[in-house]
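To keep things clear, I will list the structure first and then write my remarks on it.
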Amino acid sequence: MKGLLALVLICLCLVVYGVDADDDFWDIRVMQQTPQVEWGERIGLAQEVRYAGVPYEGRPTQVFAYIAKPASGEGSFPAVVLVHGGAGKAYREWAELWARKGYIAIAMDLTGKGPTGERLRQAGPEMNQANIFLPSENDVGLRNGWIYHAVAAVVRARSLLADMPEVDQGRVGITGISWGGFVTCLVAGMDHRYGAAVPVYGCGYICEGGFWKNTFRRMSPAYRERWIRLLEPSSVLARVKCPILFVNGNSDTHFPPENTSRSALLVDEALRHVTFIDKLRHGHNWKIPEVDAFVNDVLNGKASLMRILRPVVSGGEVIATVVGSYEAEDVFLYHVPRAVSWKEREWKKFPAKTDGREIRVSLSDCGDAVFYFSVKDDRELESTSICGTVD
């Protein structure tokens, strides 16, 4: 067994990934136009805002959001765009959390609703399974779907920040949770005005295993190929130009770690960071310390999280290189039998040998398993490799 470790590939969709997205479909330059804005009530550190989205079924749309700012300070501030997931909303507390860290933060609603949950008069598409997966088989219909409008709303949010003189335009990050992570992947691959990106849970290759695999099976082959080519993050992740951290639980059933690993591999290795967290539950969790540290470090030019490069097999061992400026501590190998489904996986871990630059384990320790390496730095922040198998 020589060469690179093989990723686990559950090829349920016979399509080609990693190709460029259709630039005629994604009219990013139009999305990047500065939106018209209506400012609303101030609450705590935040202010309500409604800004123009892209047309929906031929009529104008508005997006509701909260923009939170630090309570004090002058000059330009770093900023962050916050993208919610399914059953989410514009979370004022999320924006204020970042404002208390010294950021200008915008958290928008991607469901067409306002601050009290009411449907906006100029709302875009609702967030539901039909609008995500089956809006139409033509470009016009797909542009009326939820994914297109969610991406547009996020891109317009960045343009709104670009029009604010108090924002340091060289220090703007983005993070999204679940479906918000999916959207963050798309945006990071097409809108290159970000200095850092962190998709949490959400990633590409969602037709291959995970929660929605049967949805894709029900699509016609032609429509499935078109949906993936136009709307899948795997079509744009190779274009990412900023450091990106993929965060996921190691047993997530919506976005399995293998899909996260394949998504990460599309990104230039120098920009790619991965953190799998043992027993991380799926939800709107915005208190993951690695997310905050990564955004803050990258945007402020500091040494960021350590990276574990893609493992290789050599001389009867599995070896992974550790890159970073911090001291490597608590180095482990996580593994689980491949035959076990994601819903039933109980990962086991045991210490791995390291000299601070390389992690080594015997091939026999990996066996017929899915595995990854984990390392914590001296700040107790965790970095991992992608998931792999020995084939």
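Here the sequence shown stands for residues -21 to -1, 1 to 370, where the numbers follow mature numbering (1 follows the signal peptide of the UniProt record, and there is no 0). Glycine residues also receive a C-beta, built at the ideal position from the N, C-alpha and C atoms.
Near residue i, which residues of its chain fall below 6 Å by C-beta distance, leaving aside the five closest residues on each side in sequence?
i: residue 222; result: 175, 250 and 277
i: residue 282; result: 304
i: residue 71; result: 25 and 45
i: residue 83; result: 48, 56, 58 and 146
i: residue 156; result: 64, 179 and 263
i: residue 66; result: none
i: residue 125; result: 104, 106, 110 and 111
If I follow the unbroken beta strand (DSSP E) through residue i, where does it start and stop?
i: residue 219; result: Here residue 219 belongs to no beta strand (DSSP E), and DSSP marks it neither H nor E.
i: residue 84; result: 83 to 87
i: residue 297; result: 296 to 302
i: residue 312; result: 308 to 316
i: residue 343; result: Run containing residue 343: none in the beta strand (DSSP E); it sits in the alpha helix (DSSP H), 342 to 345.
i: residue 327; result: 327 to 330
i: residue 305; result: First-last for residue 305: undefined, no H or E at that position.
i: residue 18; result: 16 to 22
Less than 8 Å between the CB atoms is what I'm expecting for residue i and residue j, so what's the real figure, rounded?
i: residue 35; j: residue 123; result: 6 Å
i: residue 166; j: residue 119; result: Residue 166 to residue 119, Cβ: 22 Å. No contact.
i: residue 226; j: residue 296; result: With a Cβ gap of about 28 Å, residue 226 and residue 296 do not count as contacting.
i: residue 152; j: residue 274; result: 4 Å
i: residue 190; j: residue 233; result: 4 Å
i: residue 239; j: residue 361; result: Contact flag wrong, Cβ pair sits at about 15 Å.
i: residue 321; j: residue 257; result: That pair is no contact at about 14 Å.
Following the continuous alpha helix (DSSP H) through residue i, name the residue where it begins and the one where it ends.
i: residue 352; result: Premise fails: residue 352 lies in the beta strand (DSSP E), 348 to 355, not in any alpha helix (DSSP H).
i: residue 72; result: 71 to 78
i: residue 208; result: 200 to 210
i: residue 195; result: 192 to 196
i: residue 7; result: 7 to 10
Using a Cβ-based criterion (distance less than 8 Å to any ligand heavy atom), does residue i qualify as near the ligand ZN?
i: residue 322; result: With respect to the ligand ZN, the structure offers nothing, as it holds no ligand at all.
Can you tell which of the options has its C-alpha closest to the C-alpha of residue i?
i: residue 310; options: 317, 359, 289 and 293; result: 359
i: residue 164; options: 200, 217 and 11; result: 217
i: residue 75; options: 258, 7 and 61; result: 61
i: residue 73; options: 23, 38 and 37; result: 23
i: residue 29; options: 2, 50, 101 and 148; result: 101
i: residue 210; options: 139, 320 and 130; result: 130
i: residue 219; options: 208, 242 and 202; result: 242
i: residue 128; options: 37, 150, 184 and 332; result: 37
i: residue 261; options: 293, 158 and 8; result: 158
i: residue 11; options: 172, 109 and 117; result: 172
i: residue 177; options: 185, 162 and 186; result: 162
i: residue 87; options: 80, 77 and 69; result: 69
Please work out which residues of its chain come closer than 7 Å, Cβ to Cβ, to residue i, disregarding the five sequence neighbours upstream and downstream, and give them in chain order.
i: residue 99; result: 41, 43, 91, 92 and 93
i: residue -18; result: Residue placement at residue -18 is flagged as unreliable, the pLDDT there being 44, under the threshold of 50; the coordinate-derived value follows with that caveat. Once the five neighbours on either side are set aside, the close Cβ partners of residue -18 are 289 and 291.
i: residue 5; result: 169
i: residue -4; result: With a pLDDT of only 36 at residue -4, under the threshold of 50, the placement of this residue in the model should not be trusted; the figure read from the coordinates follows. Counting only Cβ-Cβ distances below 7 Å, and skipping sequence neighbours, we find 213, 217 and 245.
i: residue 14; result: 30, 31, 135, 138 and 139
i: residue 312; result: 328, 329, 331, 340, 344, 350 and 352
i: residue 236; result: 227, 229, 255 and 366
Take residue i and list the residues in its own chain whose beta-carbon comes closer than 8 Å to its own, dropping the five residues that flank it on each side.
i: residue 317; result: -14, 347, 348, 349 and 368
i: residue 335; result: 301, 306 and 307
i: residue -20; result: Only weak support exists for where residue -20 lies, its pLDDT of 41 falling under 50; the coordinates are left without a value.
Practice task
Pick out the complete alpha helix (DSSP H) segments inside the region 111 to 189, 4 residues or longer, and give them in chain order.
Solution key: You should have 118 to 122, 125 to 141 and 158 to 169.
Problem - 3-residue-minimum beta strand (DSSP E) runs that sit fully inside the region 241 to 297, ordered along the chain - result: Taking only runs of at least 3 residues, the beta strand (DSSP E) segments lying wholly in the region 241 to 297 are 251 to 256 and 291 to 293.
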